[in-house]
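This report concerns only the one structure given below.
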Amino acid sequence: MAKQSTQYLGKNFIHFETIDSTQSHLKKLLQENKAPVGTLILADHQQTGKGTQGRTWFSLPKPQLMFSLLLKPKFPPQKLPMINILSGVLMASVFEEFGVYAKVKWPNDVYIDGKKVGGILSELYVHQNEPHIILGIGMNIDASSADFPNEIKATATALSLYCTNCDRMDILQRFLTKLEHALYTWSTDELIAFTQKEFERLWLYRNKSIEVSQENKTLRGTSSQIDPFGALQLKTSAGIEKIISGTVSAI
Ligand code: BTN
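When the count follows our numbering, it moves up by one through the sequence shown with no breaks and lands on 252 for the last residue.
See the structure below:
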């Protein structure tokens, strides 16, 4: 990598022009014992990029930021959803450093101007009896609206539409520096307190009525907080509901 300011994350850095999915490739390396913790795989193009809920992650014509990182969390597996939320708030705070005000959409997305600019997919694997996370991050850094296919044109955006001097490697380095600081310098309690506070500040639906669609029910209410496990605390007419999964939209 051009400028190394992290000690662990990205020290083992593998860059592909084209690959099926950085996520699948890192999983393969982990299983083959070829990936030390902190390994980062970056791809300019993915043929079968993986999104959440079995979706695909579209590869734009120009190189963006699509990478997977191998992490070994020190905190208990129940608190792992916090990694997604932490990654989202850190992504938004890096964009803020360039004067671009992004918001986080619980649990995995980052939005600018109501459109998705980044997504997070974390997968938990037990390797040699120890939990490992493969954290997959997609950020649309450099694209025009014409670059997006029709299906996502209305809902997706890129940083370059708001920022003329945003360099992808600079953004990657800033993101890794913040993530490494959070994971290696702070205690679990500090990390959780930071993530909760930043979530409240950057939450897309702050002070708005929302709907949470789950497989067999839809809940309505307001929310501004997540609990220490990353669950959304929804204030409904029946009281506080703890939401661990679902799709949130404004009503
Ligand atoms: C989502 O919003 O659905 C999550 C998207 C995650 C996409 C990234 S791109 C790099 C990494 N490799 C993959 O195949 N997926 C993740």
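Just so it is clear, CB atoms sit at the ideal spot from N, CA and C, and this is done for glycine as well.
Bear in mind that the values here come from a model prediction, so they are computed numbers and not experimental data.
The Cβ-Cβ distance between residue 71 and residue 177 does not fall below 8 Å. Closest in C-alpha terms to residue 186, from the list 75, 57, 98, 227, comes 75. Going by beta carbons, residue 210 and residue 252 fall inside the 8 Å limit.
Of 225, 192, 228, 242, the smallest CA-CA separation from residue 215 is found for 242. DSSP places residue 237 within a strand segment (E or B) once states are collapsed to three. Within the chosen limit of 7 Å, the ligand BTN reaches the beta carbon of residue 122 through at least one heavy atom. Judged by their CB atoms, residue 153 and residue 197 are not nearer to each other than the 8 Å cut-off. Residue pairing by DSSP puts residue 126 in a beta bridge opposite 133. Between residue 141 and residue 31, the CB-CB gap reaches or exceeds 8 Å. Residue state for residue 112 is assigned as strand, using DSSP reduced to three classes.
Exclusion of residue 234 from the 7 Å shell around the ligand BTN follows from its C-beta lying no nearer than that to any non-hydrogen atom of the ligand. For residue 54, the three-state secondary structure derived from DSSP is helix. Residue 45 carries a strand assignment under DSSP once its states are collapsed to helix, strand and coil.
Judged by pairs of C-beta atoms under 8 Å, the segment 164-172 touches the segment 91-99, as three or more such pairs exist. Taking the Cα of residue 123 as reference, the smallest distance to any Cα among 7, 169, 81 is reached at 81.
Annotation for residue 90: the continuous alpha helix (DSSP H) segment containing it runs 82-97. Judged by DSSP in its simplified three-state form, residue 23 adopts helix. Take the alpha-carbon of residue 156 and the one of residue 50: they are about 18 Å apart. As a beta-bridge residue in DSSP terms, residue 70 pairs with 41, 136.
Closest by C-alpha distance to residue 158, out of 145, 131, 212, 107, is 145.
By the neighbour-count criterion, in which a residue is buried when 16 or more other Cβ atoms sit within 10 angstroms of its Cβ, residue 8 is exposed. Nearest in C-alpha terms to residue 38, of all of 136, 78, 229, 85, is 136.
In terms of side-chain proximity, the C-beta atom of residue 170 is found no nearer than 7 Å to any non-hydrogen atom of the ligand BTN.
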